[in-house]
Amino acid sequence: MKLFTMSGACSLASHIALRWADAEFELVVVTHDDLASEPFGQVNPKRVVPALLLDDGSVLTESLAVLQYVAEMHPAARLGADSVWERARLNECLAYLVGDVHLAWSPVFVPERYVTVKANEEDARQAAFLQIDQHFRRVNDELGEREWLLFNRRTVADAYLYVMCSWKDDTPTPLASYPALSAFKLKLDSDVEIERALREQTAS
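No gaps in the numbering here: position 101 of the sequence shown is 114 in my numbering, and each next residue is one more.
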């Protein structure tokens, strides 16, 4: 397997999940320029990461799908669901993190996509920060005193949440404003496999 990822991107979650699963894979760290290249376009015509190239030549894209695949292909790691109900809850959690929380960041990173006048880009970014804060308050309250998002154990959803938390200090409201999420990230900052993944993201 090959995981195509980009430093600082949400694809770090898939990288972490693979490390937590003790999976065998090759890491390919691409740049923004690589995304536009023809070789990467052959791997993923969407030209985004993550992209997981499987041994049979198939390619799986989209974080939700890649994370679910990793969890289900490595059941011993217990990163996914143990029942139909847990699968539904995990899908619910990942859909929210990917489709709502992550999407709220888009005007921060690419404000030009959300305005027709360049002078309004900063307004788009500031509006995005307000949306992000709403999501962080909600997740912080839901996490509360729990150690993990779901099932009282580590899942692929925690890998994705970790990435979202890692971006928050670059906003007007730092992660420390959310005690549960701040404690969550601090704990995972010392996770051996996360430390390894972060080194691998920057070393390639």
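Ideal Cβ placement from N, Cα and C applies to all residues, glycine included.
Own chain residues within Cβ distance below 8 Å of residue i, not counting five before or after
i	result
Asp68	Met14
Gln81	Gly93, Leu103, Asn104, Leu107 and Val169
Leu211	Leu25
Val43	Phe17, Thr18, Met19, Phe53 and Val62
Neighbourhood of residue i by C-beta distance below 6 Å, restricted to the same chain and skipping five residues each side
i	result
Gln124	It is worth fixing the name first, because residue 124 is Pro in this sequence and not Gln. Around Pro124: Glu134, Ala137 and Arg138.
Tyr173	Ala26 and Leu110
Val41	Lys15 and Phe17
For residue i: DSSP bridge partner residues
i	result
Val42	Thr18
Val72	Leu66
Residue i and residue j closer than 8 Å at C-beta
i	j	result
His148	Asp95	no
Pro63	Leu16	yes
His28	Gln144	no
Val97	Val72	no
Phe142	Thr184	yes
Cys106	Ala170	yes
Arg102	Arg166	no
Leu66	Val79	no
Cys178	Leu163	no
Val61	Leu48	yes
Leu194	Val152	yes
Val176	Cys23	yes
Where residue i falls: helix, strand or coil (DSSP)
i	result
Ala30	helix
Leu162	coil
Ala64	strand
Leu25	helix
Thr215	helix
Trp118	coil
Tyr94	It should be pointed out that residue 94 corresponds to Ala in this sequence rather than to Tyr. Coil, per DSSP.
Tyr173	helix
Arg150	helix
Asn133	helix
Ser50	coil
Lys200	helix
Asn104	helix
Arg138	helix
Gly157	coil
Glu208	helix
Nonlocal neighbours in the same chain, by C-beta distance under 7 Å from residue i, ignoring five residues either side
i	result
Arg100	Ala94
Leu31	Leu16, Phe38 and Val83
Ala117	Ala141, Gln144, Ile145 and His148
Glu85	Gly93
Gly157	Ala193
Cβ of residue i within 8 Å of any chain C Cβ
i	result
Pro124	No chain C appears in the structure shown, which is made up of a single protein chain.
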